[in-house]
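Colleague: In the numbering used here, the protein residues as written are 1 to 234.
A virtual CB, placed ideally from N, CA and C, is assigned to each residue, including glycine.
In this text the structure is predicted, and so the values were computed from the model without any measurement.
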Amino acid sequence: MSVKIRLARRGRKKMAIYDIVIAESTSPRDGRFIEKIGSYNPNTDPSTVVLKSDRAVYWLMVGAQPTDTARSVLSHEGIMYRKHLQVGVNKGAITQEQADEKYTTWQEGKQSRKAGAADTKSQTKEQDRAARLEAEKKVNEARAEAIAKKNKVEEPVVEAPVAEVAPAVEEAPVAEAPAVEETPVAEVAAAPVAEEAPVAEAAPAVEAAAPVAETPVAEEAPAAASTEEKPAAE
Numbered sequence: 001m002s003v004k005i006r007l008a009r010r011g012r013k014k015m016a017i018y019d020i021v022i023a024e025s026t027s028p029r030d031g032r033f034i035e036k037i038g039s040y041n042p043n044t045d046p047s048t049v050v051l052k053s054d055r056a057v058y059w060l061m062v063g064a065q066p067t068d069t070a071r072s073v074l075s076h077e078g079i080m081y082r083k084h085l086q087v088g089v090n091k092g093a094i095t096q097e098q099a100d101e102k103y104t105t106w107q108e109g110k111q112s113r114k115a116g117a118a119d120t121k122s123q124t125k126e127q128d129r130a131a132r133l134e135a136e137k138k139v140n141e142a143r144a145e146a147i148a149k150k151n152k153v154e155e156p157v158v159e160a161p162v163a164e165v166a167p168a169v170e171e172a173p174v175a176e177a178p179a180v181e182e183t184p185v186a187e188v189a190a191a192p193v194a195e196e197a198p199v200a201e202a203a204p205a206v207e208a209a210a211p212v213a214e215t216p217v218a219e220e221a222p223a224a225a226s227t228e229e230k231p232a233a234e
């Protein structure tokens, strides 16, 4: 029976975590397994691995074959290196104490490298953040300068209509033209006044009335004659 060390998926769809299990090679990916030796969570930064290192070394020593992903996880945790040292102990190349010392030295170096990587990553994040802030500051300054230039350009445009008011004042002579045209109106008024002179012809009407007054005076003369004739009657 061949045995494999592989990952069994569980958890939510986009937040999956994996169990590191020992299972038969013929069993389904997420099917039954013989033993669970750890877990792997890729959703954290850095990824989190919880592993029973002694059981992992035991299964590797008895012939369990890790999958590619499981091998990567085990190698990162030093399990594959520990297996290599244990093989040397079994062959008598080194003692168990030497193997343990080398493994401890490797772990210390790994921790220091991990801490250095974390510091470098933190510094990189800070530098990126500072660079983004600087870029944003430059963008804001450029935007402010553009707005200031736009306002300066718009100021003369506002003054232009004020300059155009002067031609409007010069148009006043147009108002004088009607005043000149009014002079013929005065001439028209003078013409009728000159034509009123025939009113003086009404004098003949007065003369015609005079003969009407003279007619009674002429008729009174016979009356006087009749008065004189009264002595004649005596």
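Under 8 Å between the Cβ atoms of residue 40 and residue 73?
Modeller: Yes, the pair counts as a contact, with Cβ atoms nearer than the cut-off.
Colleague: So, for residue 175: in the same chain, excluding its five sequence neighbours on each side, which residues have a beta-carbon less than 7 Å away from its beta-carbon?
Modeller: Its pLDDT being 49, under 50, residue 175 is placed unreliably by the model, and nothing is read from it.
Colleague: Nearest to residue 69 by alpha carbon, out of 25, 51, 95 and 20?
Modeller: It is 20 whose Cα lies nearest to the Cα of residue 69.
Colleague: Please report the distance separating the alpha-carbon of residue 61 from that of residue 137.
Modeller: Cα to Cα, the separation comes out at about 60 Å.
Colleague: In this structure, how does DSSP classify residue 108 when only helix, strand and coil are distinguished?
Modeller: Correct three-state label for residue 108: helix.
Colleague: Given a cut-off of 8 Å, decide if residue 49 and residue 79 are closer than it, judged by their beta-carbon atoms.
Modeller: Against a cut-off of 8 Å, the Cβ pair of residue 49 and residue 79 comes out as no contact.
Colleague: Are there 16 or more other CB atoms within 10 angstroms of the CB of residue 142, so buried, or fewer, so exposed?
Modeller: With fewer than 16 other Cβ atoms within 10 Å, it is exposed.
Colleague: Would you please state the rounded distance, in angstroms, between the beta carbons of residue 9 and residue 30? I believe it to be under 8 Å.
Modeller: The pair is a contact, with the Cβ atoms about 6 Å apart (cut-off 8 Å).
Colleague: Taking the DSSP output, what are the residues bridged to residue 4?
Modeller: BP columns for residue 4 point to 23 and 65.
Colleague: From what residue to what residue does the beta strand (DSSP E) around residue 37 run?
Modeller: Where residue 37 is concerned, the enclosing beta strand (DSSP E) stretches over 35-41.
Colleague: Helix or strand or just coil, what does DSSP make of residue 148?
Modeller: If DSSP states are grouped into helix, strand and coil, residue 148 belongs with the helices.
Colleague: Measure the alpha-carbon distance for residue 126 versus residue 133 and round it to whole angstroms.
Modeller: So the two alpha carbons sit approximately 10 Å from each other.
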